[in-house]
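Q: Sequential numbering from 20 applies to the sequence shown in this note's numbering.
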Amino acid sequence: MKDKQIIVLVHGFNKSQSDMSGLKAYLTEIGYHCLTVNLPTRFGSLNDCTNVMQSQLAKLLSKVEYQKIHFVGHSMGGLIIRSFLARNNLSCIGRCVFIACPNKGSCLADKVHKFFPPALNILKSLNELRTDGLEIPPPRNIPYPEIGVIAGNKSNLALGVFLNKENDGRVEVDFTRIEGMTDITVQPYGHKEIHYQPDIARLVDEFLTTGRFN
């Protein structure tokens with residue numbers, strides 16, 4: 020039953036837990052118990068964000084009963100989930116959905132490193148998001164949790180002009196792919212809007228329920 024399944028929703032770079040409120044509202048309405056975390060994604064490193072998530076989640080989970088725990092992340096939120104799962108072996112792990120997540124790094128972070136390197140001293144996570152600097156170990160759970168990837172291909176943001184391949188204005192579709200993923204779907208949305216869409220929420224539910232995007 021969905022009311023015995025928890026979904027942890029993790030926001031992306033330079034956002035807060037409120038950015039996942041729309042997705043939370045839909046998934047709560049159809050029966051899931053959703054939790055959100057508030058992470059220092061603007062100035063904190065990936066390790067900083069993972070530490071805060073671990074602390075917050077321990078407190079949140081101590082207050083609820085559940086049979087399965089799923090993870091859904093937007094953008095950098097997916098990388099934080101990956102980092103968290105690389106540290107923790109969860110006996111009741113469910114499935115993961117990564118929405119517009121730069122699993123292979125960000126070409127835009129590469130360009131910041133090339134043209135504005137001082138910015139990386141302030142925005143620490145951008146340095147880790149470089150395509151040659153992103154190293155996250157695999158999940159500790161064996162077998163690995165099933166992973167669904169939702170990518171966008173509507174390049175409606177100004178920075179999208181700096182990307183060469185199909186992209187959502189921030190992340191190229193090819194860079195959302197991750198080794199061992201179960202399924203992937205590409206949807207006609209931009210990076211900032213994709214996780215607000217009702218049909219994306221339905222796709223999340225579909226994958227968490229069946230392990231596939233149908």
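Just so it is clear, CB atoms sit at the ideal spot from N, CA and C, and this is done for glycine as well.
#1: Quick check on the DSSP output: the beta strand (DSSP E) that includes I166 runs from which residue to which?
#2: Might you give, ordered along the chain, the residues of its own chain that have their beta carbon closer than 8 angstroms to the beta carbon of D193, omitting 5 neighbours on each side?
#3: Return the CA-CA distance between L80 and L182, expressed in angstroms with no decimal places.
#4: Counting pairs of Cβ atoms below 8 angstroms between the stretch 198-207 and the stretch 151-166, do you hit three or more?
#5: What would DSSP say about I155, mapped onto helix, strand or coil?
#6: Going by DSSP in three states, E147 sits in which element: helix, strand or coil?
#7: Kindly indicate which residue of S37, L54 and R61 has the alpha-carbon position closest to the one of Q73.
#8: I'd like the list of long-range same chain contacts for Y45, defined as Cβ closer than 6 angstroms, with 5 residues on each side in sequence excluded.
#9: Please return the same chain residues whose Cβ sits closer than 8 angstroms to the Cβ of D151, not counting the five positions on each side in sequence.
#10: Could you give the C-beta distance for G171 and Y208, rounded to a whole number, given that I count them as a contact under 8 angstroms?
#11: Could you tell me the distance, in whole angstroms, from the CA atom of P158 to the CA atom of H30?
#12: Using the DSSP secondary-structure output, state which residues sit across from N186 in a beta bridge.
#13: By DSSP's criteria, Q216 is part of a beta bridge. Which residues make up the other side?
#14: Per the contact definition of three or more C-beta pairs closer than 8 angstroms, is the stretch 172-180 in contact with the stretch 96-108?
#15: Hey, could you find the ends of the alpha helix (DSSP H) C68 is sitting in?
#16: If V56 and V223 are in contact, beta carbons under 8 angstroms, what's the gap, nearest whole angstrom?
#17: Are the beta-carbon atoms of S116 and F226 separated by less than 7 angstroms?
#18: The beta strand (DSSP E) with G92 in it runs from where to where?
A: Straight from the coordinates:
#1: I166 to G171
#2: K123, K184 and E185
#3: 40 angstroms
#4: yes
#5: coil
#6: helix
#7: L54
#8: A220
#9: G124 and D129
#10: 4 angstroms
#11: 20 angstroms
#12: E191
#13: DSSP, once it has assigned bridges, lists no residue as partnering Q216.
#14: no
#15: L65 to L80
#16: 17 angstroms between Cβ atoms; not a contact.
#17: The question names Ser, yet the displayed sequence has Val at residue 116. Result yes, Cβ atoms of V116 and F226 sit closer than 7 angstroms.
#18: K87 to H93
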